[in-house]
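J.: A single structure is presented below for examination.
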Amino acid sequence: GTLTMNGGVFENNTAYAGGAVSAKTGTSSTFVGTVFKNNTATCPQSGGLGGGAIIANAGTLSISGATFEGNSAEYYGGAISARGETVEIKDNTIFKNNVGVTGTALHLRDGGVATLNNVSFTGHAHQAGNGTVYITGDGTLNMTDVTATGNENGNGGILYASGAAKVSFTGGTYTGNKAYANGGVIDYRASGGLTVSGGTYSGNTAVKGGVLHVSGSTVNATVKDKAQFNNNSATNGGAVYLEKMDKRAT
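Numbering (my numbering), first residue to last: -14 to 235.
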């Protein structure tokens, strides 16, 4: 089936998975200017599901100019959990104060392609969490002109990547984000490759890698196009920390 929604509000809804919306295999969903606020997914880690506002599986999900605020998942994807999905999020979509453990805002897994363009993330926090955005499996994540401020997680203040995920950061502003352990902005542990092109990274903190933590024996990481790392701090590697590297970091 297909759903297109212009405007509208989803608030204070609760479900086992997909607090507001559950989109099953092969469906197409579009949300323009829609507000998702204080929705909850109660599925525990053992259930493998989540998505405080939306859960989507092996279809297409398009979000433009929307707001996700105060949504929560017991474990996966405080705002959105997507599996094998083609996801496009753009045009000043706002993520604010959502709560989950694996992806305090977004949880992406089982392949698929996610594109984030002109999106903001603010105030996501979970001391034991992995990434405001979490991606695993063999999917692709492209983040362009993202603004992220004041997000805090155990690992990956903004991004935690594992498996074979391929990730790119292009432009954007990342300020005052924190990891209680690794990667104040990015904790990259995947084999698909990481590219950071330009962008400004300032005032981010972690124990290892105030901006970027790269770990794994099959990891390729490239930073280019005059990316700026300013006034970041960590116990080890104020901006960048590399470990277990036997391939390429340039």
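Think of the CB as a built atom: it goes at the ideal place given N, C-alpha and C, for glycine as much as any other residue.
Between which two residues does the beta strand (DSSP E) harbouring residue 139 extend?
T.: Element bounds for residue 139: 137 to 140.
J.: Rounded to whole angstroms, what's the CA-CA distance from residue 196 to residue 225? Just pull it up for me.
T.: Each residue's alpha carbon lies about 6 angstroms from the other.
J.: Give me, in chain order, the residues of the same chain whose beta-carbon lies closer than 6 angstroms to that of residue 10; leave out the 5 immediate sequence neighbours on both sides.
T.: Counting only Cβ-Cβ distances below 6 angstroms, and skipping sequence neighbours, we find 42, 43.
J.: Relative to the alpha-carbon of residue 74, which residue among 149, 95, 104, 87 has its alpha-carbon at the smallest distance?
T.: 104
J.: Can you name the residues that DSSP bridges to residue 111?
T.: Looking at the DSSP output, residue 111 bridges to 138.
J.: May I ask you to report which of helix, strand or coil DSSP gives residue 231?
T.: Because residue 231 carries a pLDDT of 47, less than 50, the predicted location of this residue cannot be relied on, and no value is offered for it.
J.: Tell me the residue span of the beta strand (DSSP E) that contains residue 76.
T.: 71 to 81
J.: Using only alpha-carbon positions, find the residue among 6, 219, 171 that is nearest to residue 53.
T.: 6
J.: Where does residue 32 sit, in a helix, a strand or coil, going by DSSP?
T.: DSSP places residue 32 in helix when its eight states are reduced to three.
J.: Hey, which unbroken runs of the beta strand (DSSP E) at 3 residues or more fall wholly within the stretch 192 to 234?
T.: 197 to 200, 205 to 209, 213 to 215, 218 to 221, 225 to 228
J.: Find out if the Cβ-Cβ distance for the pair residue 62, residue 96 is shorter than 7 angstroms.
T.: no
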